[in-house]
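Numbering (my numbering), first residue to last: 4 to 167. Positions of the beta carbon are idealized from the N, C-alpha and C atoms, including for glycine. Bear in mind that the values here come from a model prediction, so they are computed numbers and not experimental data. Take a look at the structure below.
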């Protein structure tokens, strides 16, 4: 699979539907694909392509570990898990926590982000660190930071989805 990630800032209706589907152990992936992705509201989504991996590493301890729960961790992988399975990751940050994520990531400068990027273990990451990969990651991070800011201002929850 492609491992291309997307963050969606959900409407209240989408949030309610998602939580109801999770509660009833329904088809979360079907809902994401047939409802949320089908609408593809570009104002309220951010494609993070494969950069989500490095973004999460830069915001946390340099790994994909889910050992901690801070606003930095919630940004990509460590929100509430909405799906059980090996083929997708679906992570949810409720509107009440989106502002905390936005506030945590908003002040990160490019130079600070680069320091965090350079601290990633290339062996664990699975590829060498490079200026090109950093620019790719930084570009997607700034778009994601903007989405979290808009979502916080609009009191929206954020859902991250990636196929494995």
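- Residue 17 counts as buried, since no fewer than 16 other beta carbons sit within 10 angstroms of its beta carbon.
- By DSSP's assignment, residue 94 forms a beta bridge with 84, 163.
- DSSP places residue 52 in the uninterrupted beta strand (DSSP E) bounded by 48-52.
- Per DSSP, the continuous alpha helix (DSSP H) segment holding residue 135 begins and ends at 134-156.
- The residue among 162, 49, 6 with its C-alpha nearest the C-alpha of residue 98 is 162.
- Along the stretch 24-81, the alpha helix (DSSP H) occurs as fully enclosed runs of 4 or more residues at 31-34, 54-62, 74-77, listed in sequence order.
- CA-CA distance, residue 154 to residue 148, rounds to 10 Å.
- Shown here, residue 122 sits in coil according to DSSP, grouped into three states, outside any helix or strand.
- For residue 109, there is no enclosing beta strand (DSSP E), as DSSP marks it with neither H nor E.
- Counted as a single uninterrupted DSSP element, the beta strand (DSSP E) harbouring residue 12 occupies residues 8-13.
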